[in-house]
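Mapping of the sequence shown onto the UniProt record's numbering: position 25 corresponds to residue 25, and the numbering continues sequentially without gaps.
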Amino acid sequence: MGKKEKNLHRVFREFLAEQKQNLKPQSYSSYETAMRYFEFYLDCYGSEYLIEEDLLRYEKLLENGRQYCEIFGPGHIGFREIEDFLSGYIILNAPISKNFLKVTARVMHKLVQWLHEKGCMADEVYEKTNKRVSKLKADLPATMEVSKLISEYAGKSPHGKYAEELNSRFTIKKIEPGKLWFEDFLGSGKLIGPVLVSKDISSRCRVGWTVVLWIGKKGDEWRILDSRAVYPLSEY
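Encoded structure:
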């Protein structure tokens, strides 16, 4: 009989215990916080990517009071879970700062490398996930800065009636100096734009980033009326 896989809760405790040996107390506290958010994310949303057999098992054990991280092992986390956590969940659900985002991305990077070193993450999963986390380490602080700039810019938009208004989540599809074009997550795939922004904002944005905005149209142009978030969620 093969060796039983440790559950994620236990694996995460082992990861933190090893990291603690090389960290100052304040740094370790940041690691604990990041891992606590990740574990909570998995317990709430990890089941979204389960195959039918695992989902049935999860639902049965959940009724008995067990959580995702108590049921499954490291074989049930990979690119999609890390991607969703870093590029979406943590931005929308944590009291973030640029430093917190940097630390959280660093912790996830360490975790991915550690899982691979321990033989808990397959080579192909590791290569894809490690590459994405490396990019997110730079993108996360950048999206936070852009989010701040867009919020300030939206506050300067002229008041009044607009011919059309949209309040949704969009993907940035095209960028020109001072202009952005979006695709609505819930729309037909048609490009929306140009959406006017400052040249500073457009120079910092990246195609593929997600923005949560309220925009209004006057003539052939759109203006940002309000902004909730900017995050580097990729299309996978």
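Glycine included, C-beta positions come from ideal geometry on N, C-alpha and C. Being a predicted model, the structure only gives us computed values, none of them experimental.
Does the distance between the C-beta of residue i and the nearest non-hydrogen atom of the ligand MN fall short of 7 angstroms?
{"i": "P25", "result": "Although the ligand MN was asked about, the structure shown includes no ligands whatsoever."}
Among the candidates the options, whose CA atom is the shortest distance from the CA of residue i?
{"i": "C120", "options": "L213, S227, N99 and E14", "result": "E14"}
{"i": "H109", "options": "G189, N93, K128 and K190", "result": "K128"}
{"i": "C205", "options": "V230, K20 and F85", "result": "V230"}
{"i": "W222", "options": "S203, L111, I192 and V207", "result": "I192"}
{"i": "S27", "options": "W181, D139, F100 and V212", "result": "F100"}
{"i": "L149", "options": "W181, D200 and G208", "result": "D200"}
Please classify residue i: is it buried, with 16 or more other beta-carbons within 10 angstroms of its beta-carbon, or exposed?
{"i": "D220", "result": "exposed"}
{"i": "P232", "result": "buried"}
{"i": "residue 238", "result": "Within the shown structure, residues of the chain are numbered from 1 to 236, placing residue 238 beyond reach of any answer."}
{"i": "P74", "result": "buried"}
Just to confirm before moving on: does the CB-CB distance between residue i and residue j stay below 8 angstroms?
{"i": "V197", "j": "K173", "result": "no"}
{"i": "S151", "j": "S87", "result": "no"}
{"i": "T143", "j": "A34", "result": "no"}
{"i": "K218", "j": "Y162", "result": "yes"}
{"i": "R132", "j": "E83", "result": "yes"}
{"i": "L8", "j": "F85", "result": "no"}
What number of angstroms, rounded off, separates the C-alpha of residue i from the C-alpha of residue j?
{"i": "W214", "j": "F38", "result": "29 angstroms"}
{"i": "G78", "j": "L50", "result": "12 angstroms"}
{"i": "Q67", "j": "H76", "result": "13 angstroms"}
{"i": "E48", "j": "L55", "result": "9 angstroms"}
{"i": "L115", "j": "L23", "result": "19 angstroms"}
{"i": "V212", "j": "V195", "result": "13 angstroms"}
{"i": "K98", "j": "L140", "result": "8 angstroms"}
### Message
Suppose only complete runs of 4+ residues qualify. What are the alpha helix (DSSP H) ranges in the stretch 183-226, listed by chain order?
### Response
199-204
What are the uninterrupted segments assigned as alpha helix (DSSP H) that are 4 or more residues long and contained completely in the stretch 94-123, given in chain order? 98-117
- Return the chain-ordered ranges of every alpha helix (DSSP H) run that is complete within the stretch 12-38 and spans a minimum of 4 residues. Correct list: empty.
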